[in-house]
Amino acid sequence: MKKILVITSFLCLAAFVFVACEKDDICGKEEPTTPNYKIQFFNYEDQEVTKNGLVEAYAIGIQDTIRSNGNTLLLPLRLDKQETDWVLQIKETKGKETLIIRDTLTLKYRVNTTYLNKACGYVSTFSLLQDGSSPLLNGKASTTKGNWIKLYTTETNEIDNNLENPENEKEAHFKVYY
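Here the sequence shown stands for residues 378 to 555, numbered as in our numbering.
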């Protein structure tokens, strides 16, 4: 009788363990993620030619610096606010002096958050405001020229990872000519 009770207890315990276990949820590579704001740099004199100079960026109030990779800079946008201020800077050598030249890019947007699943959680996309308040270069909406930026163009107002058109991920959201 004891054997039957021990075996039954063991089987109940084993069944409880298997029922209580959850399947492994893994967020696959094909799942969308919250996108970065992609800036590409081009030569101002010949606007078809990319420019590979070192551009550094930091968000106001955040210590981390992001450096360009080739002619591309990927900037994360804040999820806790609907605005991110990025300082973009280059170093220019004049004689024996090295100057740091800065422009501030302000992006105002709506955050659209979507629940994907338990493994991946939430993904956010961004829609830049189209009321003339985004982007702002050095606090001005009407100018496309800054301290070192000679011209910029906004390529799209929707910042998302579109799985139906993965080519969108490769395209710039913003182009800077200097």
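C-beta atoms are modelled at their ideal positions from N, C-alpha and C, and glycine is treated no differently.
Sort the options by Cα distance to residue i and report the nearest one.
{"i": "GLY516", "options": "GLY405, ALA434, THR461 and ASP423", "result": "THR461"}
{"i": "LEU482", "options": "GLU425, ASP441, ILE437 and GLU474", "result": "ILE437"}
{"i": "ILE536", "options": "ARG455, VAL464, ASN494 and ASN524", "result": "ARG455"}
{"i": "THR502", "options": "ASN534, GLN440 and GLU425", "result": "ASN534"}
{"i": "TYR486", "options": "CYS497, ALA549, THR475 and PRO512", "result": "PRO512"}
{"i": "TRP525", "options": "GLN507, ILE467 and ASP457", "result": "ILE467"}
{"i": "LYS552", "options": "ASN420, PRO412 and LYS406", "result": "ASN420"}
{"i": "LEU484", "options": "ALA518, ASN538, ILE477 and LEU476", "result": "ALA518"}
{"i": "ASN413", "options": "TYR555, ASN538 and ILE403", "result": "ASN538"}
{"i": "ILE439", "options": "LYS415, GLY430, VAL464 and THR521", "result": "VAL464"}
Any idea if residue i is buried or exposed, counting beta-carbon neighbours within 10 angstroms, 16 or more meaning buried?
{"i": "GLN417", "result": "buried"}
{"i": "SER510", "result": "exposed"}
{"i": "LEU452", "result": "buried"}
{"i": "VAL426", "result": "exposed"}
{"i": "ALA434", "result": "buried"}
{"i": "GLY523", "result": "buried"}
{"i": "ALA549", "result": "buried"}
{"i": "TYR499", "result": "exposed"}
{"i": "ASP480", "result": "buried"}
{"i": "LEU431", "result": "exposed"}
Return the bridge partner residues of residue i from the DSSP annotation.
{"i": "ASP462", "result": "THR483"}
{"i": "LEU452", "result": "TYR414"}
{"i": "ALA436", "result": "TRP463"}
{"i": "ILE477", "result": "LYS468"}
{"i": "LYS552", "result": "GLN417 and THR530"}
{"i": "ASN489", "result": "THR502"}
{"i": "ILE443", "result": "ALA434"}
Can a CB atom of chain B be found closer than 7 Å to the CB of residue i?
{"i": "SER510", "result": "This model lacks chain B altogether; it includes just one protein chain."}
At least three beta-carbon pairs within less than 8 Å, the segment 435 to 451 to the segment 488 to 505 = no
Contiguous beta strand (DSSP E) assignments of at least 3 residues, all confined to the segment 492 to 534 | 498 to 505 and 528 to 531
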